[in-house]
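Student: Below is a structure I'd like to ask you about.
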Amino acid sequence: MSAQSGIVSALDGRTRLYWESTGTGDPVLLIHGLGLSGGAWWRTVAALARSMRVITFDHRGIGQSKSLTYAYTTEAMADDAVSILDDLSLNRVHVYGFSLGGMVAQQVALRHPARVQSLVLGATHSGGRRAAFPDGEVMAFFRRRATMPLEEAAWASVPYNYGPRCRTDQVDRIADDIARRLANPFNERAYRAQLLAGSLHNCYRRLERIRTPTMVVHGARDRIIPVANAHMIARLVPGAELRVLEGAGHLYPTEEPAVDEAIGEFFAAQSRGRSSSD
Amino acid sequence: MPFTDDVLDRAVDVVGRVARAALIPWGGAEACVDAYETAIRAVADAQLSVARAVDVEPVRAVIASCAGLTRDIGATHLSGMRWLLDV
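Which chain is which? The protein sequence lines are A and B, in order. If you're matching positions, the first sequence starts at 223 in my numbering and goes up one per residue. If you're matching positions, the second sequence starts at 1330 in my numbering and goes up one per residue.
Here is the structure:
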């Protein structure tokens, strides 16, 4: 599989965004979740890059990307994502956002609708007063997590990140995830800034303005972002397709590898639909 | 973050209702918030255009940073307003 990488420099002179591109075919931009680098998509990249050009990147302040400040919003992160498309001369792409990345993907679809061919929103919420938030125990853990040693934090997150079935039957896959995560440096300030960005995120009333074909994917046993959010998003985005994964927790790509194939098929169907209408 | 305190929740509702009523003469809360968003984006885009046109560092970096600040402060206002006004 052919792979390239590069860095986009923003005009502010300090913000730098690292991206990677794997495979050939219709382009898809993957936007990852809280505190993780683009490398966290390794399972999905392997599945989608068989037939697509898959672009991943590190959010500002994370991995190999740098930021001018440690205060930002999902709007800023969406503009960052589009600056990578500009750098790669990609006019229109499929977009798949996961968790915090799903919030950023909503902003990309709302702020730059012409750039999005189709949209997958995984394990995410709309923000606003009507979003379903996790229980107090989960919120307390996430505040505590930023101060824990990296490896301890990664293992302590397991009961929140994965469904009960995965925690008993797929321990080796969880260990693979954690090994990958630990291989990347963790930036506590960027993590806190992303938590703030997620807290400020609010697209609830505007989701009905999204005209892009959309698929919503969520684990039924997600403790971090309750599945009620997926039902809400699917109801608000016109024509959205909802796929709830029974028994899966927040990090469903680890628990349900088949979902990446289904997402690839969704993107392929949208590409076919577009070429037949052109 | 959800407001778990019922009293605070009710207070936010009342303030939101009053603010929505006050904005009716200007086309309603949603139209006002949308107009504010459009204005913020226009200002940030204009600042970025100026930054692109300026070839002198660090002037270019300062103007580009101002554009980012305008966008992010505006986004924070918008998030709060949308929460309060429920639009």
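Glycine included, C-beta positions come from ideal geometry on N, C-alpha and C. None of these values were measured; they are calculated from a predicted model.
What did DSSP end up calling V1385 of chain B once you bin it into helix, strand or coil?
Tutor: Numbered from its first residue, the second sequence carries residue 1385 of chain B at position 56. The answer is coil: DSSP assigns V1385 of chain B none of H, G, I, E or B.
Student: Does the segment 324-331 of chain A come into contact with the segment 419-439 of chain A, if we say contact requires no fewer than three beta-carbon pairs (one atom in each stretch) closer than 8 angstroms?
Tutor: Contact between the segment 324-331 of chain A and the segment 419-439 of chain A is present, because at least three Cβ pairs lie under 8 angstroms.
Student: Going by C-alpha distance, which of B:L1413, B:W1355 and B:R1400 is nearest I1369 of chain B?
Tutor: Along the second sequence, one-based indexing puts residue 1369 of chain B at 40. Among B:L1413, B:W1355 and B:R1400, the Cα nearest to that of I1369 of chain B is on B:R1400.
Student: Please list the partners that T1405 of chain B has in chain A, where partner means a Cβ-to-Cβ separation under 8 angstroms.
Tutor: Looking up residue 1405 of chain B in the second sequence gives position 76. By Cβ distance, chain A contributes T295 and L422.
Student: I believe G247 of chain A touches R275 of chain A by the beta-carbon criterion, under 8 angstroms. Please report the beta-carbon distance rounded to the nearest angstrom.
Tutor: Taking the first residue of the first sequence as position 1, residue 247 of chain A is located at position 25. Taking the first residue of the first sequence as position 1, residue 275 of chain A is located at position 53. The pair is a contact, with the Cβ atoms about 5 angstroms apart (cut-off 8 angstroms).
Student: Quick one: grab the DSSP three-state call for F320 of chain A.
Tutor: As a first step, residue 320 of chain A must be located in the first sequence, where it is residue number 98. Strand at F320 of chain A.
Student: Taking D502 of chain A as the query, report the chain B residues whose CB atoms sit under 9 angstroms from its CB, ordered along the chain.
Tutor: This structure does not reach residue 502 of chain A, given that chain A is present from 223 up to 500, and the question cannot be answered.
Student: In terms of residues, what are the limits of the beta strand (DSSP E) holding L270 of chain A?
Tutor: On the first sequence, residue 270 of chain A is found 48 positions in, with the first residue counted as 1. First-last for L270 of chain A: W264 to L270, but that is the alpha helix (DSSP H), not the beta strand (DSSP E).
Student: Report the three-state DSSP secondary structure of F279 of chain A (helix, strand or coil).
Tutor: Working through the first sequence from its first residue, we reach residue 279 of chain A at position 57. Strand at F279 of chain A.
Student: Closest by CA to V459 of chain A, which one among A:R433, A:Y474 and A:A415?
Tutor: Taking the first sequence and counting its residues from 1, the one referred to as residue 459 of chain A is at position 237. For V459 of chain A, the nearest C-alpha among the options comes from A:R433.
Student: Using DSSP bridges, identify the partner residues of L1413 of chain B.
Tutor: Start at 1 with the first residue of the second sequence, and residue 1413 of chain B comes out as number 84. Paired residues: none, contrary to the question.
Student: List the residues of chain A that L1352 of chain B touches, going by C-beta distances under 9 angstroms, in chain order.
Tutor: For the purposes of this step, residue 1352 of chain B is taken as the residue at position 23 of the second sequence. Under the 9 angstroms cutoff, chain A gives no residues; its nearest Cβ is about 14 angstroms from L1352 of chain B.
Student: Using three-state DSSP, classify L252 of chain A as helix, strand or coil.
Tutor: Translated into positions along the first sequence, residue 252 of chain A becomes position 30. DSSP places L252 of chain A in strand when its eight states are reduced to three.
Student: Are A368 of chain A and Y294 of chain A touching if we call contact CB-CB under 8 angstroms?
Tutor: Along the first sequence, one-based indexing puts residue 368 of chain A at 146. Along the first sequence, one-based indexing puts residue 294 of chain A at 72. Contact flag unset, no.
Student: List the endpoints of the continuous beta strand (DSSP E) containing L341 of chain A.
Tutor: Residue 341 of chain A sits at position 119 when you count from the first residue of the first sequence. Looking at the DSSP string, the run of the beta strand (DSSP E) that includes L341 of chain A is V338 to G344.
Student: Which residues mark the beginning and the end of the beta strand (DSSP E) in which L464 of chain A is found?
Tutor: Position 242 of the first sequence, counted from the first residue, corresponds to residue 464 of chain A. Unbroken beta strand (DSSP E) run through L464 of chain A: E463 to L467.
Student: Report the three-state DSSP secondary structure of R296 of chain A (helix, strand or coil).
Tutor: Numbered from 1 along the first sequence, position 74 holds the residue referred to as residue 296 of chain A. Contrary to the premise, residue 296 of chain A reads as Thr rather than Arg in this sequence. Three-state result, T296 of chain A: helix.
Student: Report the neighbours of G350 of chain A on chain B: residues whose CB is nearer than 7 angstroms to its CB, in chain order.
Tutor: As a working note, residue 350 of chain A is residue 128 in the first sequence. In chain order: R1411 and W1412.
Student: Taking Cβ-Cβ distances shorter than 8 angstroms, what residues in chain A pair up with A1393 of chain B?
Tutor: In the second sequence, counting from the first residue as 1, residue 1393 of chain B sits at position 64. Within 8 angstroms Cβ-Cβ: A232, L233, D234 and G235.
Student: Helix, strand or coil for S421 of chain A? Go by DSSP, reduced to three states.
Tutor: The residue labelled residue 421 of chain A in the question sits at position 199 within the first sequence. Helix, per DSSP.
Student: Give me the subset of the segment 366-392 of chain A whose CB atoms are less than 7 angstroms from a CB atom of chain B, sorted by chain position.
Tutor: Here the close residues number zero.
Student: Confirm, please, whether the CB-CB distance from I1392 of chain B to Q1376 of chain B is below 8 angstroms.
Tutor: Start at 1 with the first residue of the second sequence, and residue 1376 of chain B comes out as number 47. Start at 1 with the first residue of the second sequence, and residue 1392 of chain B comes out as number 63. The answer is yes: Cβ separation under 8 angstroms.
Student: So for Y413 of chain A, helix, strand or coil by DSSP?
Tutor: To locate residue 413 of chain A, count along the first sequence from 1; it is residue 191. Y413 of chain A falls in the helix class under three-state DSSP.
Student: Tell me whether D399 of chain A is buried or exposed, calling it buried when 16 or more other Cβ atoms sit within 10 Å of its Cβ.
Tutor: In the first sequence, counting from the first residue as 1, residue 399 of chain A sits at position 177. With 16 or more other Cβ atoms within 10 Å, it is buried.
Student: Whose C-beta lies closer than 6 angstroms to the C-beta of A1358 of chain B among residues of the same chain, with five residues either side of it excluded?
Tutor: Looking up residue 1358 of chain B in the second sequence gives position 29. Cβ neighbours of A1358 of chain B beyond the five flanking positions: R1349, L1352, L1414 and V1416.
Student: Within 8 angstroms (strictly less), CB to CB, does A298 of chain A reach chain B?
Tutor: Your numbering for residue 298 of chain A matches position 76 in the first sequence. It does; some Cβ of chain B falls within 8 angstroms.
Student: Helix, strand or coil for A392 of chain A? Go by DSSP, reduced to three states.
Tutor: Position 170 of the first sequence, counted from the start, is the residue given in the question as residue 392 of chain A. Strictly speaking, residue 392 of chain A in this sequence is Gln, with Ala absent from that position. In the structure shown, Q392 of chain A sits in coil (DSSP, three-state: anything other than H, G, I, E or B).
Student: So which residues on chain A does S1408 of chain B lean against when the C-beta distance must stay under 8 angstroms?
Tutor: One-based indexing of the second sequence puts residue 1408 of chain B at position 79. By Cβ distance, chain A contributes T295, G349, L422, H423 and N424.
Student: Please state the DSSP three-state secondary structure of E242 of chain A.
Tutor: As a first step, residue 242 of chain A is located in the first sequence; it is residue number 20 there, counting from the start. Correct three-state label for E242 of chain A: strand.
Student: Would you call N313 of chain A buried or exposed, if buried means 16 or more other Cβ atoms sit within 10 Å of its Cβ?
Tutor: As a working note, residue 313 of chain A is residue 91 in the first sequence. Answer is exposed; the Cβ neighbour count stays below 16.
Student: Do you know how far the Cα of A1360 of chain B is from the Cα of R236 of chain A?
Tutor: By one-based count along the first sequence, residue 236 of chain A stands at place 14. By one-based count along the second sequence, residue 1360 of chain B stands at place 31. Each residue's Cα considered, the two are about 36 angstroms apart.
Student: Under the three-state reduction of DSSP, which class applies to A225 of chain A: helix, strand or coil?
Tutor: Walking along the first sequence from the start, residue 225 of chain A turns up at place 3. In the structure shown, A225 of chain A sits in a strand (DSSP, three-state: E or B).
Student: Taking Cβ positions, are V315 of chain A and P407 of chain A nearer each other than 8 angstroms?
Tutor: Along the first sequence, one-based indexing puts residue 315 of chain A at 93. Along the first sequence, one-based indexing puts residue 407 of chain A at 185. Result no, Cβ atoms of V315 of chain A and P407 of chain A do not sit closer than 8 angstroms.
Student: Look up Q459 of chain A in the DSSP assignment and say whether it is helix, strand or coil.
Tutor: Locating residue 459 of chain A in the first sequence gives position 237, where the first residue counts as 1. The question names Gln, yet the displayed sequence has Val at residue 459 of chain A. It is coil, neither helix nor strand.
Student: Beta strand (DSSP E) containing V439 of chain A: first to last residue?
Tutor: Working through the first sequence from its first residue, we reach residue 439 of chain A at position 217. That run of the beta strand (DSSP E) goes T436 to G441.
Student: Counting only the same chain and skipping the five closest in sequence on each side, list residues whose C-beta sits under 6 angstroms from that of G1403 of chain B.
Tutor: Sequence index remark: in the second sequence, residue 1403 of chain B carries index 74 (1-based). If we look at G1403 of chain B and ignore the five residues flanking it on each side, its Cβ neighbours are I1369.
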